[in-house]
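Before any comments, here is the structure.
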Amino acid sequence: MKRKIGLAFICLVLAAPMLFSAGPVLEGKLLFGIGHFGARYLYHAYLTIGLVTDAWAGNAKSPEDTKQIVQHTAVFLKASIQYFNELKDFALSAEDRQYILDMNSACRDLLGQAESFLKYVEKRQDGDRQAFSRYRESAWAKIAKLNGLE
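Residue numbers for the sequence shown follow my numbering, so the first one is 343 and each next one is one higher.
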C-alpha cells in the first residue's frame, strides 16, 4: 500500500505540469522540491541511525528499542530506494537524473549501515562493526554533498 501511495505521489508530481499546464517552471520547481526534500530526508535518516546507535552503545537505549527504530528506518530506506529507481526512468535532464542516482546511492549506504548495525547487535562480529563504519562514512560524504555541507 505504501509503495502504491509513494508511486502515485511521484506520478502526480511528475504529471502535474501536464495536468495544470504550468509548463517547465512548475516542473523545475517540483523536481527541485523532490531533490530538496529527498536530500533532507537522507540527512535525517543518517542522524536517526547515528543517534540511536550511539545511545545504544552508551547504554542509554535498550537493544530492543534500538533495533526497532533502526528496522523501521531500514523499511523506509528500502521504499525510498525503490522510488528513486522508478523516478530515474522518467524523462529527466542529465543533471536531475544524476542527482536522483546520487540520492539513491546515499540511501543504499544508509541501508547498509542499518543492516550492518542490526547484524552486529545480534552476532557482535567485528566485520559488521567495520561495515557499519564504512557505510556511515560513505553515506555522510554523499549526504553532505547533496545538502551542500561539504
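The beta carbon of each residue, even a glycine, is placed where N, CA and C say it ideally should be.
None of the values given here were measured: they were computed from a predicted structure.
Along the alpha helix (DSSP H) that carries residue i, what are the first and last residues, could you check?
i           : result
residue 300 : As shown, the chain starts at 343 and ends at 492. That puts residue 300 outside it, with no answer to give.
residue 470 : 468-488
residue 426 : 405-429
Using three-state DSSP, classify residue i as helix, strand or coil.
i           : result
residue 330 : The question about residue 330 has no answer here: the residues shown for the chain are numbered 343 through 492.
residue 447 : helix
residue 434 : coil
residue 456 : helix
Measuring alpha carbon to alpha carbon, tell me which residue in the options is nearest residue i.
i           : options            : result
residue 389 : 378, 405, 466, 411 : 411
residue 384 : 485, 435, 464      : 485
residue 395 : 381, 436, 378, 461 : 461
residue 419 : 381, 400, 373      : 381
residue 401 : 463, 366, 436      : 463
Buried or exposed: which applies to residue i, given that a residue is buried once 16 or more other Cβ atoms fall within 10 Å of its Cβ?
i           : result
residue 457 : buried
residue 422 : buried
residue 491 : exposed
residue 446 : buried
residue 444 : buried
residue 436 : exposed
Practice problem: Please confirm if the stretch 466-485 is in contact with the stretch 424-440, defined as three or more CB-CB distances below 8 Å between the two stretches. | Solution: Contact between the stretch 466-485 and the stretch 424-440 is absent, because fewer than three Cβ pairs lie under 8 Å.
Exercise. Determine contact between the stretch 446-454 and the stretch 393-413, defined as no fewer than three beta-carbon pairs at a distance below 8 Å.
Key: Contact annotation: the stretch 446-454 does not touch the stretch 393-413, with fewer than three C-beta pairs closer than 8 Å.
Quiz item: Taking one C-beta from the stretch 385-405 and one from the stretch 455-471 each time, how about it: are there three or more such pairs within less than 8 Å?
Solution: Flag = yes, the stretch 385-405 and the stretch 455-471 touch.
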